[in-house]
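Participant: Residues 1081 to 1331 in our numbering are what the sequence shown spells out, letter by letter. Virtual Cβ for every residue (Gly too), placed ideally from N, Cα, C. Note that the structure is predicted; figures quoted are calculated from it, not measured.
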Amino acid sequence: LPKRIGLPTYPFARDRYWVEPIVQPLVKPSARQPVQSKAELPARAAVVAKEPVSLQYFEETWQAQELGPVRADEAVVGKVLCVLRQSGEQDEFKRVLAQHMPSAQIVFQAQEDVRGDAAACARVMQEQGALEALLWIEGEQGEGEGDDSSTWLLALLQALSTAGVACKRVLLAVQSQTPQAQAWHEAWIGVERSLRQTLPLTRLSVHIQAAEGATVSPDDWAQRLAAELQAGEASSLWQEGRRHVSRVRRL
């Protein structure tokens, strides 16, 4: 049997978004409080009772879509914060990103500085100020390695909210070494859906290099991420040299 792996939860799992039922105490009828007849009950109850209930089914699919040329209005202008797991690749990433986003201010932060500590993340966000984009760049990951990364990532997203720092785009980039790791990283798309409730002005996307037994060089990886940042807001999967985007299809 395949090894069980955990899936990432919502960014702020302590919060609840369920509507609690309203329980009204039973009151015995008296002369001062006459009993309501059915005709006198609120009309809203009758309307709610008549509303049709239907189930809706959908699925997430990957659809092939090539990257088009970058339009002038899509060019990145502003500060781009890159959080790298492998700090030794910083110079190469900076060179390539600056080449493809000449109007952007590229700054770097080591993941060790924000490792799962919400307070440390908030301090980093306040020091950086308003961001055009945040690139969270992971190295190669195998099965089970995503647990630690998700803790750091969710702390950073929470810090964006608590520090009140404006950030238009958040890109999560990772190279999956195994199909199990790829399934974990695809589950991050659920964070994209729930983040809209907490940071409505921030758009998050996930960009995955599929497990193919070959490693993408830092130069090619940085070039792809620069293109993705300027291409739109859809999550993408690179597999067998082709780009696919995430789409929701109703069944």
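May I have the straight-line CA-CA distance separating Q1255 from E1169, to the nearest angstrom?
Facilitator: Computed Cα separation, rounded: 15 Å.
Participant: Examine the Cβ distances between the stretch 1134–1152 and the stretch 1316–1329 and report whether three or more of them are shorter than 8 Å.
Facilitator: At 8 Å Cβ cutoff, the stretches touch.
Participant: Can you tell me whether A1202 is buried or exposed? The criterion is at least 16 other CB atoms within 10 Å of its CB, across all chains shown.
Facilitator: The residue is buried, with at least 16 neighbouring Cβ atoms inside 10 Å.
Participant: Leaving aside the five residues before and after A1290 along the sequence, list all residues of the same chain whose C-beta is less than 7 Å from its C-beta, in chain order.
Facilitator: Once the five neighbours on either side are set aside, the close Cβ partners of A1290 are S1256, Q1262, L1317, W1318 and Q1319.
Participant: Residue range of the beta strand (DSSP E) that R1203 falls in?
Facilitator: That residue, R1203, is in no beta strand (DSSP E); its alpha helix (DSSP H) goes A1198 to Q1208.
Participant: Could you give the DSSP three-state label for T1295: helix, strand or coil?
Facilitator: Coil, per DSSP.
Participant: Thinking C-alpha only, which one of L1251, V1187 and V1204 is nearest V1160?
Facilitator: Of L1251, V1187 and V1204, the residue nearest in Cα terms is V1187.
Participant: Give me the Cα-Cα distance between S1241 and M1205, rounded to the nearest whole angstrom.
Facilitator: Each residue's Cα considered, the two are about 10 Å apart.
Participant: Starting from V1187 and walking both ways along the alpha helix (DSSP H), at which residues does that stretch end?
Facilitator: Here V1187 belongs to no alpha helix (DSSP H); instead the beta strand (DSSP E) covers A1184 to A1190.
Participant: Given a cut-off of 8 Å, decide if K1248 and T1278 are closer than it, judged by their beta-carbon atoms.
Facilitator: Not closer than 8 Å, so no.
Participant: Would you identify the three-state DSSP class for V1250, choosing helix, strand or coil?
Facilitator: If DSSP states are grouped into helix, strand and coil, V1250 belongs with the strands.
Participant: Does the beta-carbon distance from L1251 to E1308 come in below 8 Å?
Facilitator: Closer than 8 Å, so yes.
Participant: Any heavy atom of the ligand MN closer than 7 Å to the CB of T1278?
Facilitator: No copy of the ligand MN appears in this structure; indeed no ligand is present at all.
Participant: How many angstroms separate the CA atom of R1330 from the CA atom of V1271?
Facilitator: Between R1330 and V1271, the C-alpha separation is close to 20 Å.
Participant: Specify the secondary structure class of R1322 as computed by DSSP and reduced to three states.
Facilitator: In the structure shown, R1322 sits in a strand (DSSP, three-state: E or B).
Participant: Taking 8 Å as the threshold (C-beta atoms), are E1212 and V1163 in contact?
Facilitator: Going by C-beta atoms, V1163 is not nearer than 8 Å to E1212.
Participant: Going straight from the alpha carbon of P1280 to that of G1209, what length do you get?
Facilitator: For P1280 and G1209, the distance between alpha carbons rounds to 18 Å.
Participant: Who are the Cβ neighbours of V1194 in its own chain at under 8 Å, not counting the five residues just before and after it?
Facilitator: Cβ within range, chain order: V1163, A1200, C1201, V1204, W1232, A1235, L1236 and A1239.
Participant: Can you look up W1268 in the DSSP assignment and give me helix, strand or coil?
Facilitator: In the structure shown, W1268 sits in coil (DSSP, three-state: anything other than H, G, I, E or B).
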